Amino acid sequence: MNIDLSNTNDEAYLVKCCQNNEPVAQKILYNKYVEDMMLLCLRYISDVEDAKEVLMDSFYSFFKKIDTFTYRGAGSVKAWLKRIVVNQCLMHLRNKSNKPLLTEDVTKFENKGSNDSILDQLSVKDIMKLLQELPEGYRVVFNLYVFEGMNHREIGNLLEVSESTSKSQLHRARKMLQEKILLTG
Amino acid sequence: MEETKLREVLPDFDNKQEWKKLSERLHPKPRRISLTGTKVAASILLIIAAGFIAVITLNRTRSHTNTVASQSESSHNWTKDMPDYSKDITPGATQEQISKVSSGNETASVNPQKNVKEPANNQTLPTEYAEATISKTKESICNGTACPLEICIIQKIVCANGVPSEVATCRTLEPDQAKQLHYKSPSGLGKDCKVTIDEIRIRRVNTGETIVLNADSQPSTAEELFNCITGQEECNLLAGIFNNDCDNQRKPHSIKVDNSYGDLIVR
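Just so you know, the sequences run in chain order A and B. Under this note's numbering, the final residue of the first sequence carries the number 193; numbering is consecutive throughout. Under this note's numbering, the final residue of the second sequence carries the number 265; numbering is consecutive throughout.
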């Protein structure tokens, strides 16, 4: 039985079809999320070709592992895919530098709070450019904290560093971004 | 920010191209072997198989030829200079019985089962093979002595209201040579004719010395020897004694005719 999936928006059904290795369903899900996932990659990886490669690996991994995925309502597919992409990005960064992404930062810092709303005043392109100019460690923590919504404990666990290191990295990242924004004025 | 378009950041990002790459990775096409390559491989296999079969066939043929050749070699003298069967009356010898092994001088032998003539000269490979058999007919007689012998059979033919006629057929046998003796068979004549064996002469060619067998001869009569020659009786007869050998030296030699081993031998 041939089903026309081209107009199907039912993600649960698409996931089921993908679990049956149905190319049409795979293409629909890919097209639905590819741009967001590419942007996500570019936030972590400054090199475009590397980002494309990581994107490819992420989708490949997504479709290969989709058998293990349980659909839990709207957004669950995207959340799962994002996690895969982020993990792939981190793995890529680790493999690329052959060193831990972050080293323990013992410097005490005071979280004076920062105004992330300043980012709202910038275009995506500018933000992306600024992010890509950040040192890798700052960029990763900033991304995980600001865009992925992870707390410092989660970031610490993920990057195998302490919470305070995650906090200090985030603080420095913000500071650097603010300086850059002011400079670009 | 996620809702923004990728076009703003990366305008040259080619969705379709990226999907194509991913799709090829997700669904790799089975490796196709080119038809030409398959044909070449099949041809090579066929040639190898054909060559293999040809070698086996050739080896078998050679083996068979060697067997026939060795048998022919051993029976060479038995079949050499065999008479033309069609010309002479050979009582008791049917067409099936005259299956012979080809010798170098024979042009062909008859396969009784297939009635196929095959070349005696095995230079070229035959397509069919006759079963090689050594003649066991009693009509062929082998000279097992060291000297050439001439054997003559003298018969008397008496037909009704006719004058009796005498027919003599002779055959010279070299040492270790086999030939069929010529004589008239009663079955080859009319009903009113009667054939009797008058005399059989065995002459030593070198010396001219002759043993004559007739109805009254001792230790064997002509009829006894004839029955032996025609295979009508199993025999081991003493035909007579030559007083001299081939070199005319005075060395008596007895002449025996023996068919008890299947082959008629004068020794």
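Every residue gets a Cβ at the ideal spot worked out from N, C-alpha and C, and that includes glycine. Owing to the predicted nature of the structure, the values given are computational and were not obtained by experimental measurement.
Should residue i be labelled buried (16 or more other beta-carbon atoms within 10 Å of its own) or exposed?
i              : result
F240 (chain B) : buried
N234 (chain A) : Since the first and last residues shown for chain A are 9 and 193, residue 234 (chain A) lies out of range.
N103 (chain A) : exposed
V156 (chain B) : exposed
E232 (chain B) : exposed
M99 (chain A)  : exposed
T76 (chain A)  : exposed
S138 (chain B) : buried
C168 (chain B) : exposed
G164 (chain A) : buried
V23 (chain A)  : buried
I152 (chain B) : buried
N141 (chain B) : buried
N257 (chain B) : buried
T34 (chain B)  : exposed
L262 (chain B) : buried
L191 (chain A) : exposed
A220 (chain B) : buried
L44 (chain B)  : exposed
F50 (chain B)  : exposed
N60 (chain A)  : The identity of residue 60 (chain A) in the sequence shown is Lys, whereas the question assumes Asn. So K60 (chain A) counts as buried.
T143 (chain B) : buried
S97 (chain B)  : Residue confidence is low: S97 (chain B) scores 36 on pLDDT, short of 50, so the model does not pin down where it sits. Its coordinate-derived value is still stated next. Under this definition S97 (chain B) is a buried residue.
A237 (chain B) : buried
Residue i versus chain B: which residues are under 9 angstroms apart at the beta carbon?
i              : result
M158 (chain A) : Chain B residues near M158 (chain A): none, gap ~15 angstroms exceeds 9 angstroms.
K71 (chain A)  : Correcting the residue identity first, residue 71 (chain A) is Phe in this sequence and not Lys. Here the neighbours are L20 and L24.
Mind listing the chain A neighbours of residue i? Cutoff is C-beta to C-beta under 7 angstroms, in chain order.
i             : result
F50 (chain B) : Within 7 angstroms Cβ-Cβ: nothing; F50 (chain B) doesn't reach chain A, min ~46 angstroms.
K27 (chain B) : The premise fails here: K27 (chain B) is roughly 12 angstroms from chain A at the closest Cβ pair, so nothing lies under 7 angstroms.
So with CB distances below 8 angstroms, who are the chain B contacts of residue i?
i              : result
K35 (chain A)  : W17 and S21
V93 (chain A)  : Within chain B, no residue comes near V93 (chain A); the closest Cβ sits about 12 angstroms away, beyond 8 angstroms.
N39 (chain A)  : N13 and W17
M46 (chain A)  : L4, L8 and F11
L50 (chain A)  : V7 and L8
E194 (chain A) : Residue 194 (chain A) cannot be examined here, being either before or after the span of chain A that is shown, 9 to 193.
K175 (chain A) : What K175 (chain A) touches in chain B: nothing, since even the nearest Cβ is about 22 angstroms away.
P31 (chain A)  : S21, L24 and H25
M99 (chain A)  : In chain order: nothing, as chain B lies at least about 18 angstroms away.
Alpha helix (DSSP H) containing residue i: first to last residue?
i              : result
S215 (chain B) : Looking at the DSSP string, S215 (chain B) is not in any alpha helix (DSSP H), and its letter there is neither H nor E.
T65 (chain A)  : Checking the displayed sequence, the identity of residue 65 (chain A) turns out to be Asp instead of Thr. Element bounds for D65 (chain A): V56 to K73.
E43 (chain A)  : P31 to Y52
K3 (chain B)   : Counting along the chain, K3 (chain B) falls outside any alpha helix (DSSP H), and DSSP gives it neither H nor E.
R201 (chain B) : Premise fails: R201 (chain B) lies in the beta strand (DSSP E), C191 to R202, not in any alpha helix (DSSP H).
E16 (chain B)  : N13 to L24
V156 (chain B) : First-last for V156 (chain B): L147 to C157, but that is the beta strand (DSSP E), not the alpha helix (DSSP H).
R80 (chain A)  : That residue, R80 (chain A), is in no alpha helix (DSSP H); it is neither H nor E in DSSP.
Q24 (chain A)  : The amino acid occupying residue 24 (chain A) in the given sequence is Lys; Gln does not appear at that position. E19 to Q27 is the span of the alpha helix (DSSP H), which, as asked, contains K24 (chain A).
N159 (chain A) : First-last for N159 (chain A): undefined, no H or E at that position.
S168 (chain A) : Residue 168 (chain A) is actually Glu in this sequence, not Ser. Premise fails: E168 (chain A) is in no alpha helix (DSSP H) and is neither H nor E.
A220 (chain B) : A220 to I227
A87 (chain A)  : S84 to S105
So does residue i have its beta carbon nearer than 7 angstroms to some heavy atom of the ligand FAD?
i              : result
I152 (chain B) : Ligands in the displayed structure: none, and consequently the ligand FAD is not present.
As a quick exercise: from the options, pick the residue whose alpha carbon is nearest that of residue i.
i              : options                           : result
F67 (chain A)  : B:T143, B:N13, B:L20 and B:V38    : B:L20
M158 (chain A) : A:E187, A:R182, A:K183 and A:V94  : A:V94
R265 (chain B) : B:G206, B:P26, B:K192 and B:A176  : B:A176
F275 (chain B) : A:N39, A:Y21, A:P31 and A:C26     : In the structure as shown, chain B starts at -1 and stops at 265, and residue 275 (chain B) therefore has no counterpart that could be examined.
F155 (chain A) : A:S176, A:E171, A:I74 and A:Y52   : A:Y52
A166 (chain B) : B:R23, B:L179, B:N234 and B:L236  : B:L179
S174 (chain A) : A:M184, A:R147, A:L191 and A:A87  : A:R147
E187 (chain A) : A:I74, A:E141, A:E57 and A:S176   : A:E141
K90 (chain A)  : A:G145, A:R161 and A:Y41          : A:Y41
G83 (chain A)  : A:L37, A:M46 and A:C97            : A:L37
V255 (chain B) : B:S183, B:R199 and B:A213         : B:R199
D245 (chain B) : B:K14, B:R23, B:G206 and B:A47    : B:G206
Q15 (chain B)  : A:M64, A:N29, A:D18 and A:E144    : A:M64
H179 (chain A) : A:E162, A:Y153 and A:E168         : A:Y153
T170 (chain B) : B:T194, B:C145, B:G160 and B:K154 : B:C145
L8 (chain B)   : A:R182, A:R80 and A:D134          : A:D134
N13 (chain B)  : A:P143, A:I189, A:D55 and A:M45   : A:M45
Given that residue i touches chain B, what residues does it touch there, using C-beta distances under 7 angstroms?
i              : result
M136 (chain A) : V7
F67 (chain A)  : L20
V56 (chain A)  : L8
F77 (chain A)  : Near F77 (chain A) there are no residues of chain B at all, since even the closest Cβ is about 16 angstroms away, more than 7 angstroms.
Taking the beta strand (DSSP E) that residue i belongs to, which residues open and close that run?
i              : result
V165 (chain B) : S163 to L171
S138 (chain B) : S138 to N141
A176 (chain B) : A176 to Q178
V264 (chain B) : L262 to V264
So which residues of chain A does residue i contact, with C-beta pairs closer than 9 angstroms?
i             : result
K37 (chain B) : Here the premise fails: no neighbours, minimum Cβ distance about 33 angstroms.
R56 (chain B) : In the sequence under discussion, the amino acid at residue 56 (chain B) is Leu, which differs from the Arg named in the question. What L56 (chain B) touches in chain A: nothing, since even the nearest Cβ is about 56 angstroms away.
> Can you give, in chain order, each stretch of the beta strand (DSSP E) that sits fully within the segment 231 to 256 of chain B and has at least 3 residues?
Replying inline: 234 to 240 and 251 to 256
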